[in-house]
Amino acid sequence: MAQLTMAKALNLAMREAMAEDPTVLILGQDVGQDEGVFRITEGLLKEFGPDRVVDFPVAESAIAGVSVGLCMAGFKPIAEMQFSGFGYHAFHQIENHASRFRNRTRGRFTCPMVVRMPYGAGIRAIEHHSESREAIWAHLPGLKVVIPSGPRNARALLRASIFDPDPVMFYEPKACYRAFKEEVPEQPETMEIGKAQVVRAGSDVTIISYGASMRPVLEAADELMEEYQIDAELIDLLSLVPLDTEAITASVKKTGRCVVVHEAPRNCGPAAEIIARIVENALMYLEAPVQRVTGYDLVMPFFNLERAYLPDSTKVITAVKEVVNF
Amino acid sequence: MPRGKIELENYVESLSILDAEGNVDSSLEPKLEPQELRKILRAMLLARRYDERMLKLQRQGRIGTYGPALGQEAASLGPAYVLSKNDWLVPSFREPAAMLYRGWPMERLILWWGGNEIGARTPDGVRDTPICVPVASQCLYGAGIAWGCKLRHDGTVAVCFVGDGGTSEGDFHEAMNVAGAFNLPLVCIIQNNQWAISLPRKKQSAATTLAQKAISYGFNGMQVDGNDILAMITAAGEAVDRARRGGGPTIIEAVTYRLGVHTTADDPKKYRTEEEVEQWKCRDPLSRFYKYLKKRGVLDDKARDVMEEEIGAEITAAVENAEKYEPDILEPFHHCFETMPNYLEAQLGEFRAYLDAASGGEGGASGQDNPALYRQVH
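The listed protein sequences derive, respectively, from chains B and Y.
Using the working numbering, the letters of the first sequence map in sequence onto residues 494 to 819.
Using the working numbering, the letters of the second sequence map in sequence onto residues 657 to 1034.
Here is the structure:
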């Protein structure tokens, strides 16, 4: 076991996959010589050479579209978008081709590719570098959307995504890249995409979140127990598509109360879908309306204001108390 | 630094071999055996008659909207003719001549325009990608396929098609830039048919030629008479050979003309004159090639009549086969992902219940309420 940051754990997952499978390639801006702007591809150019770790021209649509073509030619590309805010250029290729080729060719051509993107706020980055727009991708049929929250699940989920037979949008919470370390096993580890984790069992209320928002949720859960004797059950979704309806439903049936937390804006955000599933599957178990702690429906503020605009433990605690005292 | 003119390494050539009367420039005439020449004529004729039949089928409501390629047979067949089986052809949607030549069964193309995904399923043994609708987007996966060819070092190449309108898209630029930067074995054929629906070529770009765009990406371009099959075969053959030998990409601008509608959903009379169309009809790729073959004594009217009869029967059989096809109404659920996730299984169950009810089963309404659905369910 080694103590790794998420940045190192993601790097490890790619190194392992590339060593095992010669068809795995990395394409992205500054991923080779510069080892990625967040150093996620550190050492990989040296180890695997420029045919497999490709410093790509500044063209996100091309990174995605060329990856689609490489899939047809029998490769498994890992496409890196430097920031999710620039991934919109690639939207067209991902929606019109990556997500559809399996269906439209009735399985003759498939797109076993991963599109990695750092998302979210928290590192005081300049404009366009801090948005959480995962809901956009979750809306597109034919794509999986995976979002890790810590080093260990990041490594296991990235491995699962690389070897998944279908395209996976892999959203990396950049605020977590170096925020903390975790024990990561020596041997390659994988996780099933689409399974949520109950990271803490509890009886009074279910708090559902994912990605970077898991940090304030964990803090809030500690404080809720210590200060208010509220025993919260925490669910880390880990993937938005597939969404683990069973885990959500089982927990809400048990606690009867629920708060959903994410950085993304509220309108048509992931919480809306999560709450719809609760209504469909566990309405009669609810003791209180479900609350959302999310980004506001605003353009992401510049970094001097970003902290106040993000979900934090105070906002989560307020929402939980309202739900519990309803 | 003094001021001066920068000499560029790359250049654009032009090529024309056969004139509108079927006279050949013998210094440029490719050496093709009579048997090959007859095969080429047949492939062009097949595409022409297929287009004509498809327009009729559309009018009869037997297929959906159709985008004919009338007049562009040489521009799309030439590049297909020079490819090997293991190469890749990456079409847009006006390349039936190329696709049929490469081995796509005609019924599959009919099925695509008839609204069936099976028409986008590349047949086994063929490497090509299916018809692509979003303009120029295919250039990027074409570049990706070419990249794969290069990584495998197996001497295969990719040919992608785009229209004159498509050259204004960002994806065209990104694909050509990547092809140049990585020296990919990609040949891009621009079918410049003069009209992007209603926008004429001169309003699409201020560039004198579309072929010259190659220069900005660091490789050569060629502007070819796209209605001259001999010129298209020669130009594409050279470009494909160069790509195969590691010499990198080429842009070939095939100057042609869309004799028909953009699709059956538009009326070209709104934006172009009949005189213009008539002028281009005089430069029809099929008639000029036929004149050439007659002059060379490769074919006479009688042999052509026999060919026409065979083609007519082939098309009729393809239409019959296509119309026998019954889509599986549940199939889309099975091809979204390799393994169906729980949420889709649940939606499939919901859909099945709806179908059962609609077809009169399980206490639902009578199937006569919805005969089309009833037919599909049973």
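Where is the CB? At the ideal position from N, CA and C, for every residue including glycine.
Please list, in chain order, the chain B residues whose beta carbon lies closer than 8 Å to that of residue i.
i         : result
Pro786(Y) : Arg597, Thr598
Tyr999(Y) : Pro735, Leu736, Thr738
Could you work out which residues of chain B lie near residue i, taking near to mean beta carbons separated by less than 9 Å?
i         : result
Ala870(Y) : Going along chain B, no residue has its Cβ under 9 Å from Ala870(Y), so there is no contact; the nearest lies around 17 Å.
Cys805(Y) : Ala566
Pro988(Y) : Asn596
Asp827(Y) : Ser554, Ala555, Gly558, His585, Gln586
Asn833(Y) : Pro550, Ala552, Ala555
Is the Cβ of residue i closer than 8 Å to any Cβ of chain Y?
i         : result
Gln820(B) : Lying before the first or after the last residue shown, residue 820(B) is absent from chain B, which here runs from 494 to 819.
Ala572(B) : no
Leu733(B) : no
Asp790(B) : no
Asp544(B) : yes
Thr738(B) : yes
Phe904(B) : Summary: the structure shown does not reach residue 904(B), with chain B confined to residues 494 through 819, and so no result is reported for it.
Gly493(B) : Since the first residue shown for chain B is 494 and the last is 819, residue 493(B) is missing from the structure and cannot be characterised.
Ile640(B) : no
Val817(B) : no
Please confirm if residue i has its CB atom under 8 Å from at least one CB of chain B.
i          : result
Arg900(Y)  : no
His991(Y)  : yes
Ala630(Y)  : Missing from the structure shown is residue 630(Y); chain Y here goes from 657 to 1034 and no further.
Ile907(Y)  : no
Ala1021(Y) : A caution first: Ala1021(Y) carries a pLDDT of 47, below 50, which makes its placement in the model unreliable, though a value can still be read off. No, Ala1021(Y) does not count as interfacial toward chain B.
Pro1039(Y) : Residue 1039(Y) lies beyond the residue range present for chain Y, which begins at 657 and ends at 1034; the question has no answer from this structure.
Val975(Y)  : no
Glu665(Y)  : no
Ala887(Y)  : no
Give the residues of chain B in contact with residue i, contact being defined as C-beta atoms less than 7 Å apart.
i         : result
Ile774(Y) : Arg599
Gly953(Y) : Ordered by position in chain B, no residue passes the 7 Å Cβ test against Gly953(Y), which lies about 44 Å from the chain.
Cys844(Y) : The premise fails here: Cys844(Y) is roughly 13 Å from chain B at the closest Cβ pair, so nothing lies under 7 Å.
Glu830(Y) : Ala552, Ser554, Ala555
Ile801(Y) : Gly562, Met565, Ala566
Quick check: the Cα distance between residue i and residue j, rounded to an integer number of angstroms?
i         : j         : result
Ala769(B) : Ile533(B) : 36 Å
Glu553(B) : Gly580(B) : 6 Å
Phe828(Y) : Val530(B) : 27 Å
Gln714(Y) : Gly720(Y) : 6 Å
Pro747(Y) : Val975(Y) : 22 Å
Cys844(Y) : Pro905(Y) : 8 Å
Tyr664(B) : Ala649(B) : 14 Å
Ser577(B) : Trp936(Y) : 48 Å
Lys569(B) : Gly874(Y) : 28 Å
Gln586(B) : Val745(B) : 38 Å
Pro941(Y) : Asp659(B) : 43 Å
Arg599(B) : Phe656(B) : 20 Å
Leu765(Y) : Pro752(Y) : 8 Å
Phe819(B) : Pro786(Y) : 57 Å
Lys951(Y) : Glu677(Y) : 10 Å
Leu915(Y) : His991(Y) : 38 Å
List the residues of chain Y that residue i touches, going by C-beta distances under 8 Å, in chain order.
i         : result
Asn774(B) : Going along chain Y, no residue has its Cβ under 8 Å from Asn774(B), so there is no contact; the nearest lies around 10 Å.
Pro634(B) : Cys992
Phe602(B) : Thr778, Thr785
Pro666(B) : By Cβ distance, chain Y contributes nothing, its closest Cβ being about 23 Å from Pro666(B), past 8 Å.
List the residues of chain Y whose Cβ lies closer than 7 Å to the Cβ of residue i, in chain order.
i         : result
His590(B) : Ser793, Tyr797
Asp659(B) : Phe993, Glu994
Which chain Y residues are close to residue i, counting only those with a beta carbon under 9 Å from its beta carbon?
i         : result
Pro763(B) : Those do not exist, as Pro763(B) stays about 14 Å from chain Y at its closest Cβ, beyond 9 Å.
Item to check | 3 or more residues per run - each beta strand (DSSP E) lying fully within the stretch 705-763 of chain Y | outcome: 744-746
Checklist entry - Listed in chain order, which residues of the stretch 550-575 of chain B have Cβ atoms closer than 7 Å to some Cβ of chain A? => result Among the protein chains in the structure shown, which are B and Y, there is no chain A.
Next on the checklist: Three or more C-beta pairs under 8 Å: does that hold for the stretch 665-674 of chain B against the stretch 700-715 of chain B?
Outcome noted: By the C-beta criterion, the stretch 665-674 of chain B is judged to be in contact with the stretch 700-715 of chain B, since at least 3 inter-stretch pairs fall below 8 Å.
Checklist entry - Can you list, in chain order, the stretches of the beta strand (DSSP E) that have 3 or more residues and sit fully within the stretch 755-798 of chain B? => result Scanning the stretch 755-798 of chain B for uninterrupted beta strand (DSSP E) segments of 3 residues or longer gives 784-788, listed from N- to C-terminal end.
Checklist entry - How about the stretch 760-767 of chain B and the stretch 795-809 of chain B: do they share at least three Cβ pairs that are nearer than 8 Å? => result no
Next on the checklist: I'd like the ranges of any beta strand (DSSP E) spanning at least 3 consecutive residues and lying wholly in the stretch 631-662 of chain B.
Outcome noted: 637-639
Checklist entry - Whole alpha helix (DSSP H) runs in the stretch 834-878 of chain Y with 4 or more residues, listed along the chain? => result Entirely contained in the stretch 834-878 of chain Y, the alpha helix (DSSP H) runs reaching 4 residues are, in chain order, 857-860, 869-872.
Checklist entry - Which parts of the stretch 867-954 of chain Y are runs of the beta strand (DSSP E), unbroken and 3 residues or longer, counting only runs that do not cross its ends? => result 877-881, 906-911
Next on the checklist: Quick check on the DSSP output: what are the complete beta strand (DSSP E) runs of length 3 or more inside the stretch 674-708 of chain B, in order along the chain?
Outcome noted: 675-677, 690-693, 698-702
Checklist entry - Is the stretch 686-693 of chain B touching the stretch 784-795 of chain B in the sense that three or more CB pairs, one from each, lie closer than 8 Å? => result Cβ pair count under 8 Å is below three, so no.
Checklist entry - Is the stretch 730-746 of chain Y touching the stretch 995-1008 of chain Y, taking contact as three or more C-beta pairs under 8 Å? => result no
Checklist entry - Considering only residues of the stretch 526-587 of chain B, which uninterrupted alpha helix (DSSP H) runs meet the minimum length of 4 residues and lie entirely inside it, listed in chain order? => result 537-541, 553-565
Next on the checklist: Can you confirm whether the stretch 629-641 of chain B touches the stretch 731-741 of chain B when touching is taken to mean that 3 or more C-beta pairs between the two stretches lie within less than 8 Å?
Outcome noted: yes
Item to check | Inside the stretch 670-703 of chain Y only - alpha helix (DSSP H) runs reaching at least 4 residues | outcome: none
Item to check | Whole runs of the beta strand (DSSP E) within the stretch 778-845 of chain Y, excluding any shorter than 3 residues | outcome: 814-819
Checklist entry - Is there contact between the stretch 828-838 of chain Y and the stretch 865-882 of chain Y, where contact requires at least three CB pairs shorter than 8 Å? => result yes
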